[in-house]
Every structure is written in C-alpha cells, then in structure tokens.
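Asker: Protein sequences, first through last, are from chains A and B. Position in the first sequence (first residue = 1) + 278 = our numbering. Position in the second sequence (first residue = 1) + 117 = our numbering. The C-beta atom is built at its ideal place from N, Cα and C for all residues, glycine as well.
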Amino acid sequence: MSAPQRRTDIGPPHYKDFLPPVIQKNYGDWKYHEVLNAGVMVHVANSGDKIWSVRVASPRLLSTDTIRDMADMAEKYCGGYIRFTTRNNVEFLVSDEKNLTPLQNELKAKKYMMGGIGSRISNIVHTQGWVHCHSACTDASGLVKVLMDEFADYFTTKETPNKVRLAVACCVNMCGAVHCSDIAVVAIHRKVPVVVDHDKVKNMCEVPSTIAACPTGAISPDPAKKSVKVNADKCMYCGNCFTVCPPMEIHDPENDGVAIVVGGKVGNLRSNPKFSKLAVPFIKNNPPRWPEVVTVVKKILDAYLADAKKHERVGEWIERIGWEKFFKVTGLPFTFQHIDDFTIARETFRTAATFKW
Amino acid sequence: MPKKYETPLLDELEKGPFPSFVTEIKKAAARSDMAADELGQLEKSYRDKRGYWKHGGIVGVRGYGSGIIGRYSSLREQFPNVANFHTVRINSTSAFFYTSQFLKEMCDIWDQYGSGLTNLHGSTGDLVLLGTNTENLEPIFAEFSSRGWDLGGSGSAMRTLSCCVGPARCEWSNINTLDINYNLTQEFQDEMHRPAFPYKFKIKTAGCAVDCIASIARADLSIIGTWKGKIAVDQSEVANYAKKGMNITEEIVNMCPTKCMSYDGSKLTINDADCNRCMHCIAKMTKALKPTGEKGATILMGSKAPFVIGATLSWVIVPFMKLEEPYDELKDLIRKMWEFWDEHGKNRERIGELVIRKGMREFLEFIGVEPVPQQVKEPRRDPFFFWTEADLQK
Ligand code: HEM
Ligand code: HEM
Ligand code: SF4
Ligand code: SF4
Ligand code: SF4
Ligand code: SF4
C-alpha cells in the first residue's frame with residue numbers, strides 16, 4: 279500500500295468540526311456551571327441548554343488500546359465527542375442527560391477513576407522522565423503514579439480548602455508549569471559532569487558547540503587531550519553539555535534525586551501568580567515507589583489541610599502563617615540550600631524585624 | 118510476537134487505584150516490538166536509577182525543520198527496536214476537543230507505523246506520538262496530512278499553540294480563545310515548521326485571569342482575557358448562595374484582595390472602581406456575579422522555566438487590547454516582537470531574556486508601545502536612569 283498524498287502547512291483542522299452540536303449552538307453564551315460531584319459538572323447556557331462533562335484520570339501516557347476504548351464510550355454516550363484537559367484528564371461530553379448514568383456505570387465497571395473537579399487534587403502535570411528523555415534525573419510517570427495512588431481519595435471524593443495543583447519535572451528544564459505549582463517535585467543532578475573517556479569527546483563532540491552549550495560558562499577547552507574540562511565552581515548541574523556531547527556523563531544514580539518546591543500558583547484569584555519555593559532540597563531516587571517522596575508530600579499536604587482557611591491555596595496559607603511557621607508545622611529542616619544564592623537572591627532576604635514565633 | 122521482558126520493578130507500579138502507565142506500555146508491548154523494548158529499557162532504568170536515552174541527529178520530514186524530536190537509545194544492542202525512537206508532534210485541536218472518529222483513525226495509523234504509545238498531551242499541548250523509527254516518519258506525515266492534520270513545532274521555532282476551553286464551555290471567557298489559537302496557528306505555519314528564531318516561542322491564550330492554561334507561567338506571549346466594566350450582581354442568587362451555607366463575609370468579602378466588597382446580610386455591594394478583576398468572587402458565585410462592559414485581553418510576555426536567568430512569570434506589555442477577528446493588531450505586535458528578537462537575540466536566548474538584557478525601553482520603543490503604569494508593579498527605586506537627546510528636548 280502506498281502512502282497517500284502529503285500536504286504541508288495546512289495546520290490543524292478547524293475546531294468547530296470537533297465541538298458537540300450543543301456547544302456550537304451555545305458557543306460563548308454560557309450562564310453558569312455546577313459541580314454535581316467530583317467527576318461530573320454541568321454547564322447551563324442562557325438558552326437553557328445543558329452539557330454534562332464526566333471527567334476521568336489518565337496517566338497521560340496512553341496506549342492506542344485505551345484511546346480506542348475511550349473513543350467507543352464517547353460514541354456510545356456522547357455522539358463521539360470527547361476532550362482532554364490541560365492537566366491530562368479526559369472529559370466525556372454528554373449532551374443527553376439519560377446517557378449520564380450508563381456512561382458512569384460503564385466507566386466504573388472498567389475501573390476508570392472519575393474525579394478531579396472542584397476543590398480537590400487534580401491530575402499531576404508532568405514530563406517524560408526515563409520513559410523518553412535524555413536529560414531525566416528521575417522518572418516522572420512513576421512519581422505521578424505513586425503520588426496519585428496515595429492521594430486518590432482527594433481526586434475521587436474528599437475536598438481540599440482550594441484546588442491543590444501538583445507537578446513533577448524530571449530535570450531542571452522543567453517542561454511544564456512546575457515552578458508555579460502548589461506542591462511540585464523537580465528532579466536534580468548534584469555533581470558536575472564527568473568525562474570518563476576523553477577520546478570519545480574527541481570523536482563524538484564538537485568542542486566549540488559543547489562549550490557554547492553551557493549556560494554558566496563552566497566548560498573550557500583541554501587542548502592537551504583534545505577535549506574539554508569543567509570548572510566545578512561554575513557548574514550548576516543542568517546537563518545541557520550532555521545533550522550535545524554524550525560522553526560528558528551527568529547521570530549519577532547515587533547522587534541524582536528530587537527536590538520539593540511549594541506555594542506556587544498561576545491564577546490571579548485573590549493574590550497574584552506566584553513561584554513555588556524550596557521546601558526540601560534533596561531526596562534520593564528510590565524507585566519503583568519513592569516512599570520518602572510520598573511521605574514528605576503527604577506531610578506538607580496534611581499541614582495545609584489542617585490549617586488552611588477555605589479557598590486558601592497552599593502559597594496563600596504559607597504567606598499567612600509565615601515561612602518560619604511552615605517549617606515548624608511540617609517539621610522539615612531548613613538548610614543552607616534554602617537561602618537563595620542565584621539571580622534574585624537579595625530580593626528574598628528578609629528586610630524587616632517581624633516574625634511569628 | 119514481541120519479546121517479553123521480566124519487569125518486577127515496573128510491576129509494582131501496576132498496583133493502586135490510579136491508572137497505570139506501565140499497564141499502558143504493556144498493552145502496546147503485546148503487539149509492538151518497539152513498545153516491548155521501551156518496556157525492557159525502562160525496567161533497566163528503574164533497576165539502575167538512570168535514563169538511557171540520547172538526543173540529537175537531525176531527523177524530520179521533507180520540507181520541515183520541526184515537528185519531530187530525534188531520540189536514540191544508548192543501549193541499542195540490548196534494545197534494538199528502540200535504537201531510534203523518535204517523537205512525532207501532531208498539532209492538537211483548539212482546547213483539545215476531538216471526535217471518536219479522528220481518535221480511531223489516529224490509533225490505526227500509529228499502530229501501523231509506530232509504537233502504539235502516545236501522550237495526550239505533551240506539556241506544550243501537542244498530541245504526542247511517542248516513538249517510531251526514522252523510516253516511518255514520511256508515511257506517518259502523509260497519512261496525517263492527507264486527512265487534514267499537520268505537525269506541531271519543535272526546536273527554535275514557534276511551538277504548538279494552546280488555549281483554555283474558553284467560550285466553548287466556560288461562562289467566564291472574555292475572548293474567543295479557541296479562535297485566536299486557531300487563527301494564529303494558521304497565520305504562522307511557516308514560523309512553526311521552519312525554525313528561524315533564536316530559540317523557541319510559545320503562545321498560550323486564557324479567557325480570564327483564572328488562567329486554566331497556565332499561560333502566565335510558560336509562554337513567551339501570554340494572552341489573558343479581561344474586562345473593563347462593572348460586575349453585575351444578581352441579589353436573589355446572592356441570597357441563594359447564603360441560603361445554601363456560603364459564609365459570604367468570610368469567603369467572599371474578606372478574601373477580596375482590594376477590599377472593595379461589602380455585605381450587610383442581604384445585599385452584596387461592589388465598589389467597582391477599586392476592583393482589580395482578580396476573578397475570586399466571580400469564580401465562587403458564578404450564578405450571582407457577571408463581568409460586563411468592554412471585553413478584551415491583557416498581553417504579557419516572557420515567562421519561562423528557571424534556565425538560565427532564573428524563572429520568570431510573564432509581564433505586562435499591553436494591559437488591554439480588543440481581540441476581534443482577524444486580530445491584526447495582535448499579529449502586528451507579534452511580528453514586531455519577532456523583528457526585535459531577530460535583530461538582537463543571541464542563539465538560544467528566549468525573547469524575555471533578551472528584553473531583560475536590553476531593557477524594556479529599547480523593546481517598547483521598537484515595538485511602538487507607550488510606557489504605562491500597568492506594565493510595572495511599582496516604579497523603579499533608584500535615580501540611575503538614562504536620558505536620550507530627545508528626552509532632553511522635551
Ligand atoms: C536547555 C534546556 C532544555 C532542553 C535541553 C530540553 C529538552 C527537551 C527534550 C529533549 C524534550 C523532548 C522529550 C521527549 O519527548 O522525548 C523536551 C520536551 C519539552 N520541553 Fe524542553 N528542554 C529544555 C528547556 C525547556 C524549557 C525551559 C521548557 C519550558 C518552559 C521546556 C518545555 C518543554 C515541553 C513542554 C516539552 C514537552 C514535554 C512533554 O512531552 O510533556 N523545555 N525538552
Ligand atoms: C547548545 C546545545 C543544544 C541544546 C541545549 C539543545 C537543546 C535541544 C532542545 C531543548 C530540543 C528540544 C526541542 C523541543 O522541545 O522541541 C532539541 C531538539 C533537537 N536538537 Fe538540540 N540542542 C543542542 C544542540 C544540538 C545539536 C548540536 C544538534 C545536532 C547535531 C541538535 C539536534 C537536535 C535535534 C535533531 C532536535 C530535534 C528536532 C527539533 O527539535 O527540531 N541539538 N535540542
Ligand atoms: S523536564 Fe527535563 S528530563 Fe523531563 S522531559 Fe523536560 S527536558 Fe526531559
Ligand atoms: S552541567 Fe550545565 S552548567 Fe554544568 S558544565 Fe554542563 S552545561 Fe555547564
Ligand atoms: S481561563 Fe478563565 S475563561 Fe478560560 S477556562 Fe479557565 S476560567 Fe474559563
Ligand atoms: S473580582 Fe476580585 S477584586 Fe474584584 S470584587 Fe471580586 S474578589 Fe474583589
């Protein structure tokens with residue numbers, strides 16, 4: 279079979295072709311929505327028309343088998359219409375109320391996990407990890423799985439004071455909005471890259487582009503070996519050099535692991551968008567289930583649940599109680615790594631004599 | 118039959134209530150040699166606590182410089198079927214709406230030519246086909262493009278755009294997010310498919326300040342809907358919220374950041390002149406409160422992950438712009454920004470980093486935007502500012 283005629287620069291198809299008729303009819307004319315339960319919400323248009331969205335969790339990494347199964351259910355109950363959310367959940371778009379219960383029954387029977395709507399823990403934004411990226415210092419999918427297993431009840435039923443947005447990035451490149459999440463796990467290397475075999479650098483790498491790859495200027499030529507050397511005082515373990523020159527080995531199973539950052543948000547509600555800040559500088563990788571990471575995230579979440587006011591996000595709660603209290607109530611140690619020495623350090627130093635003891 | 122690997126460590130990740138990515142890989146591995154070797158290599162990563170992928174080597178489809186990401190196993194003898202295992206980025210639909218018919222066609226093509234593994238979606242918003250050989254790339258592209266689908270962006274190019282669900286299913290959207298997303302994607306196909314920028318460029322569009330697409334945190338150009346008029350209050354719906362148990366004083370009035378609301382037990386009053394349009398009250402009392410008046414968007418720029426200068430959030434360039442088809446004002450602004458970047462940007466310098474390096478004045482003058490207080494949190498604190506000859510004449 280020969281391939282069909284290719285076309286270029288056509289862009290994606292028009293979005294209208296993928297909207298259920300009730301959405302086409304009421305486009306831009308919605309009145310309100312109600313969360314019926316953790317997995318179902320209804321949007322009501324000014325015309326009185328309604329659309330129900332049934333949300334289920336997805337690991338983001340999906341096989342064609344599962345996508346076909348979802349497509350079959352969308353055909354059966356939703357006229358074929360289905361969408362995905364920014365946080366990788368799947369939403370079945372039901373236009374006919376009588377399909378709502380049968381769809382949920384089938385989802386339940388097939389062990390799909392419904393939930394994630396409202397003030398709850400939704401799915402975890404994450405990156406490729408060991409599954410498919412060369413830079414990864416941990417596996418994102420594995421961490422997501424163990425954290426969501428632990429917090430499953432907060433997806434399917436239990437409420438939190440406000441939404442809790444979790445994220446996992448498998449290296450400091452942070453493909454995803456990790457730096458603005460309520461609680462996020464970001465994987466880090468802790469040692470400078472090591473050139474084991476200088477002959478390989480000579481044969482495989484272009485020295486000028488390897489030097490140029492380093493954002494901190496830590497790499498210089500080593501003319502004697504026709505290779506490169508790394509200035510350990512300048513290196514911040516980003517792994518960019520490994521990207522262009524694989525013999526510059528950055529992976530280190532004993533020293534790679536994750537940091538935990540907290541208190542970020544992207545929405546403007548109540549307070550302005552915020553960056554996440556460092557809570558735990560390092561936890562060793564312990565696959566397959568990273569129990570130490572789960573314990574720390576749970577500790578932070580529990581402290582938030584116990585103390586936050588309704589509608590307060592993690593960052594707003596911490597700002598109210600103060601960082602010294604945060605470290606006290608979570609029992610997490612405060613270390614030299616917590617004091618910034620990077621580009622905005624001095625803006626983070628306290629310039630007041632006001633403390634909560 | 119694909120090779121079967123023992124995976125005692127990964128099997129631990131099939132336990133528990135959350136859907137398992139390991140189960141997904143295993144399903145594909147039952148049919149696909151590539152997915153089977155992916156599973157085998159991943160088990161080894163779990164055992165050795167390190168990844169085994171390599172980057173680099175130019176791969177792509179004819180006439181395009183982006184859309185495919187080359188990925189190679191560093192254990193090619195052991196896992197020959199993933200020796201090259203590239204990512205194909207398909208440009209997703211606006212707000213990720215699909216039909217079952219398309220999804221099934223996509224699955225058929227991907228089972229024939231690839232691993233059967235996907236990401237719905239990658240964090241940029243592409244429909245990611247995860248893993249295939251170099252020789253399959255052209256047939257995959259032909260199959261998709263002949264059906265009306267195209268590749269997304271990668272490398273130093275405009276990346277696949279994404280937007281929130283907006284007017285399709287949200288009562289708060291101030292702009293037509295899906296249409297802006299689609300229209301700009303079509304306008305800038307060349308910039309997406311033939312990398313010619315110093316580095317990547319991302320555009321994300323949110324209908325309101327809730328920012329469900331996280332545009333303020335991860336886009337070189339963030340478009341966030343807003344409005345200029347008052348918040349209309351339906352007092353009978355306010356009463357309904359109170360009746361249903363909402364503590365309006367605690368949950369709404371006291372949490373308003375500008376302290377512009379009051380509630381006397383029956384009537385909710387808003388001093389609109391003080392409201393900064395944060396969306397808190399509207400999001401909590403959607404039946405009672407509605408933005409009214411002129412609708413448009415705030416245009417911000419520059420957010421990115423911490424590399425190299427530290428993380429940045431997008432900052433305001435134009436506080437309010439009307440956005441109506443064909444969006445010429447916005448497109449002109451984007452082209453101007455690119456021109457500035459093209460002229461002054463260093464290789465692998467994001468546009469936000471460049472503007473910080475060069476200073477806002479030079480940038481704003483170049484793109485023809487006047488200074489306004491909405492662009493800053495506060496004016497500068499030091500007296501070390503520059504004067505041009507022209508300033509001195511004023
Ligand atoms: C020097 C820095 C960076 C390098 C070397 C890098 C490398 C990569 C590579 C190789 C991939 C493909 C992974 C795969 O599918 O196999 C990727 C994906 C991606 N990158 Fe980066 N990246 C860098 C910086 C960033 C930054 C700063 C951002 C965001 C602000 C970003 C956002 C993304 C996103 C959204 C994806 C898609 C990930 C996904 O599938 O979810 N990258 N990056
Ligand atoms: C300064 C050093 C380099 C860095 C930091 C770097 C980083 C990246 C990043 C971040 C991506 C992923 C882009 C995405 O997210 O879509 C990428 C893609 C890619 N890089 Fe590099 N890269 C470097 C040098 C090179 C070199 C020297 C080559 C080839 C000899 C190369 C070949 C590729 C190819 C083929 C892709 C995938 C195709 C594409 O995105 O257009 N890179 N690189
Ligand atoms: S965060 Fe780092 S390791 Fe993870 S996918 Fe992005 S570049 Fe790769
Ligand atoms: S790891 Fe990053 S900072 Fe360190 S030498 Fe390599 S490129 Fe430079
Ligand atoms: S960003 Fe605003 S308009 Fe868009 S989906 Fe979220 S709440 Fe609705
Ligand atoms: S939108 Fe925000 S600032 Fe305006 S009245 Fe509501 S809570 Fe107050």
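Could you please tell me which residues of the region 204-218 of chain B, in chain order, have their CB closer than 9 Å to any CB of chain A?
Answerer: Per Cβ criterion, the list reads Thr-204, Ile-207, Asn-208, Ser-209, Thr-210, Ser-211, Ala-212, Phe-213, Phe-214, Tyr-215, Thr-216, Ser-217, Gln-218.
Asker: Relative to ligand 5, is the shortest distance from any of its heavy atoms to the C-beta of B/Cys-329 smaller than 7 Å?
Answerer: On the second sequence, position 212 is the one that residue 329 of chain B refers to. Yes, ligand 5 has a heavy atom inside 7 Å of this Cβ.
Asker: Along the region 535-546 of chain A, what residues have a CB closer than 7 Å to any CB found in chain B?
Answerer: So the list reads Val-544, Gly-545, Asn-546, given in the order they occur along the chain.
Asker: Once you ignore the five residues that flank B/Cys-281 on each side, which residues in its own chain have a CB closer than 6 Å to its CB?
Answerer: For the purposes of this step, residue 281 of chain B is taken as the residue at position 164 of the second sequence. For B/Cys-281, where only same-chain residues beyond five positions count, the Cβ hits under 6 Å are Thr-294, Ala-323, Gly-324, Cys-329, Ile-330.
Asker: Would you say B/Cys-281 touches ligand 5, meaning its beta carbon is less than 7 Å from a heavy atom?
Answerer: Translated into the one-based positions of the second sequence, residue 281 of chain B becomes position 164. Because some heavy atom of ligand 5 lies under 7 Å away, the Cβ of B/Cys-281 counts as near it: yes.
Asker: How would you label B/Gln-206, buried or exposed, when you count the other beta carbons within 10 angstroms and need 16 or more for buried?
Answerer: The residue labelled residue 206 of chain B in the question sits at position 89 within the second sequence. The residue asked about is misnamed: residue 206 of chain B is Arg in this sequence, not Gln. Per the 10 Å Cβ criterion, buried.
Asker: Considering only C-alpha positions, which residue in the set A/Pro-486, A/Cys-483, A/Asn-481, A/Lys-512 is nearest to A/Ala-496?
Answerer: The count along the first sequence starts at 1 and reaches residue 496 of chain A at position 218. Of A/Pro-486, A/Cys-483, A/Asn-481, A/Lys-512, the residue nearest in Cα terms is A/Lys-512.
Asker: Name the chain B residues that come within less than 9 Å of A/Ala-349, Cβ to Cβ?
Answerer: Residue 349 of chain A sits at position 71 when you count from the first residue of the first sequence. Within chain B, the residues near A/Ala-349 are Tyr-215, Thr-216, Ser-217, Gln-218, Phe-219, Leu-220, Lys-221, Cys-224.
Asker: Using only the alpha-carbon positions, how far apart do A/Glu-602 and B/Asn-300 sit?
Answerer: Position 324 of the first sequence, counted from the first residue, corresponds to residue 602 of chain A. Position 183 of the second sequence, counted from the first residue, corresponds to residue 300 of chain B. If I take the Cα positions, the gap works out to 49 Å.
Asker: May I ask whether a heavy atom of ligand 6 can be found less than 7 Å away from the beta carbon of B/Pro-312?
Answerer: Numbered from its first residue, the second sequence carries residue 312 of chain B at position 195. Not under cutoff, so the answer is no.
Asker: Buried or exposed for A/Arg-598, please, with buried defined as at least 16 other CB atoms from any protein chain shown within 10 angstroms of its CB.
Answerer: For this step, residue 598 of chain A is matched to residue 320 along the first sequence. Under this definition A/Arg-598 is an exposed residue.
Asker: Since B/Ala-323 is in the beta strand (DSSP E), which residue starts that stretch and which ends it?
Answerer: Here residue 323 of chain B refers to the residue found at position 206 when the second sequence is read from its first residue. 320-323 is the span of the beta strand (DSSP E), which, as asked, contains B/Ala-323.
Asker: Taking just the CA atoms, how far does A/Lys-507 sit from A/Val-470?
Answerer: Along the first sequence, one-based indexing puts residue 470 of chain A at 192. Along the first sequence, one-based indexing puts residue 507 of chain A at 229. Rounded to the nearest angstrom, the two C-alpha atoms are 10 Å apart.
Asker: At a CB-CB cut-off below 9 Å, which residues of chain A make contact with B/Cys-287?
Answerer: To locate residue 287 of chain B, count along the second sequence from 1; it is residue 170. Per Cβ cutoff of 9 Å: Trp-308, His-311, His-321.
Asker: Kindly indicate if chain A contains any beta-carbon less than 8 Å away from that of B/Gln-306.
Answerer: To locate residue 306 of chain B, count along the second sequence from 1; it is residue 189. Yes, B/Gln-306 counts as interfacial toward chain A.
Asker: Do A/Thr-344 and B/Asp-228 have their CB atoms nearer than 8 Å?
Answerer: The residue you call residue 344 of chain A lines up with position 66 of the first sequence. The residue you call residue 228 of chain B lines up with position 111 of the second sequence. No.
Asker: Using a Cβ-based criterion (distance less than 7 Å to any ligand heavy atom), does B/Thr-103 qualify as near ligand 3?
Answerer: Outside the modelled stretch of chain B, which goes from 118 to 511, sits residue 103 of chain B, for which no answer is possible.
Asker: Let's test the definition: count the other Cβ atoms within 10 Å of the Cβ of A/Arg-624 and tell me whether it reaches 16, buried, or not, exposed.
Answerer: If you number the first sequence from 1, residue 624 of chain A lands on position 346. By the neighbour-count rule (16 or more Cβ atoms within 10 Å), A/Arg-624 is not buried but exposed.
Asker: Quick check: does the Cβ of A/Asn-518 come within less than 7 Å of any heavy atom belonging to ligand 4?
Answerer: Your numbering for residue 518 of chain A matches position 240 in the first sequence. Indeed, a heavy atom of ligand 4 lies less than 7 Å from the Cβ.
Asker: Going by C-alpha to C-alpha distance, which of A/Val-592, A/Glu-570, A/Pro-569 sits closest to A/Asp-580?
Answerer: Locating residue 580 of chain A in the first sequence gives position 302, counting from the first residue. A/Asp-580 has its Cα closest to that of A/Val-592, out of A/Val-592, A/Glu-570, A/Pro-569.
Asker: At least one CB of chain A closer than 8 Å to the CB of B/Phe-437: is that the case?
Answerer: Your numbering for residue 437 of chain B matches position 320 in the second sequence. No, because no Cβ of chain A sits closer than 8 Å to the Cβ of B/Phe-437.
Asker: Give a yes or no on whether the C-beta atoms belonging to B/Gly-174 and B/Gly-187 are separated by under 8 Å.
Answerer: Residue numbering aside, residue 174 of chain B sits at position 57 when the second sequence is read from its first letter. Residue numbering aside, residue 187 of chain B sits at position 70 when the second sequence is read from its first letter. A contact, by the Cβ cut-off of 8 Å.
Asker: Taking C-alpha atoms, which residue in B/Ser-232, B/Ser-273, B/His-238 lies nearest to B/Ala-257?
Answerer: Mapped onto the second sequence, residue 257 of chain B falls at position 140. In the sequence on display, residue 257 of chain B carries Ile and not Ala. Cα-wise, what sits closest to B/Ile-257 is B/Ser-232.
Asker: Confirm the yes/no value for this check: CB of B/His-397, any heavy atom of ligand 6, distance under 7 Å.
Answerer: As a working mapping, residue 397 of chain B is identified with position 280 in the second sequence. Flag set: Cβ of B/His-397 near ligand 6.
Asker: Quick check on the DSSP output: the alpha helix (DSSP H) that includes A/Lys-507 runs from which residue to which?
Answerer: The residue given as residue 507 of chain A occupies position 229 in the first sequence. Counting along the chain, A/Lys-507 falls outside any alpha helix (DSSP H), though it belongs to the beta strand (DSSP E) covering 505-508.
Asker: What does the Cβ neighbour count give for A/Lys-634, buried or exposed, with the cut at 16 atoms within 10 Å?
Answerer: In the first sequence, counting from the first residue as 1, residue 634 of chain A sits at position 356. Label assigned to A/Lys-634: exposed.
Asker: Give every residue of the same chain whose Cβ lies closer than 8 Å to the Cβ of A/Asp-417, excluding the five residues on either side of it in the sequence, and list them in chain order.
Answerer: Residue 417 of chain A sits at position 139 when you count from the first residue of the first sequence. Correct list, in chain order: Gly-407, Trp-408, Val-409, Cys-448, Pro-565.
Asker: Just to confirm, are B/Asp-337 and A/Gly-289 a CB contact at a threshold of 8 Å?
Answerer: Start at 1 with the first residue of the second sequence, and residue 337 of chain B comes out as number 220. Start at 1 with the first residue of the first sequence, and residue 289 of chain A comes out as number 11. No.
Asker: Give me the Cβ distance between B/Asn-201 and B/Asn-250, rounded to the nearest whole Å; I'm assuming they're in contact under 8 Å.
Answerer: Sequence index remark: in the second sequence, residue 201 of chain B carries index 84 (1-based). Sequence index remark: in the second sequence, residue 250 of chain B carries index 133 (1-based). About 6 Å; that satisfies the 8 Å criterion.
Asker: In the region 122-179 of chain B, which residue ranges form an unbroken alpha helix (DSSP H) of at least 4 residues, counting only runs that do not cross its ends?
Answerer: DSSP runs (the alpha helix (DSSP H)) wholly in the region 122-179 of chain B: 125-128, 138-146, 150-165.
Asker: Should A/Pro-524 be counted as a contact of ligand 4 given a C-beta to heavy atom distance under 7 Å?
Answerer: Along the first sequence, read from residue 1 onward, the residue named residue 524 of chain A stands at position 246. No; taking the cut-off as 7 Å, the Cβ of A/Pro-524 has no heavy atom of ligand 4 nearer than that.
Asker: Which residue's Cα is closest to the Cα of A/Ala-491: A/Val-540, A/Asn-367, A/Tyr-305, A/Cys-523?
Answerer: On the first sequence, residue 491 of chain A is found 213 positions in, with the first residue counted as 1. If we check each option's Cα against that of A/Ala-491, A/Cys-523 comes out closest.
Asker: For the candidate residues B/Lys-345, B/Tyr-358, B/Val-178, B/Ile-226, whose alpha-carbon lies nearest to that of B/Arg-264?
Answerer: Counted from its first residue, the second sequence places residue 264 of chain B at position 147. Measuring from the Cα of B/Arg-264, the nearest candidate turns out to be B/Ile-226.
Asker: Could you check whether the Cβ of A/Trp-408 sits closer than 8 Å to any Cβ belonging to chain B?
Answerer: Residue mapping note: residue 408 of chain A aligns to position 130 of the first sequence, counting from 1. Chain B contact via Cβ: present.
Asker: Can you list, in chain order, the residues of its chain whose CB lies under 6 Å from that of A/Leu-556, leaving out five sequence neighbours each side?
Answerer: Looking up residue 556 of chain A in the first sequence gives position 278. Cβ within range, chain order: Val-539, His-616.
Asker: Return the Cβ separation of B/Phe-483 and B/Phe-457 in integer angstroms, given the expectation that the two are a contact with Cβ distance under 8 Å.
Answerer: Position 366 of the second sequence, counted from the start, is the residue given in the question as residue 483 of chain B. Position 340 of the second sequence, counted from the start, is the residue given in the question as residue 457 of chain B. Contact flag correct, Cβ pair sits at about 5 Å.
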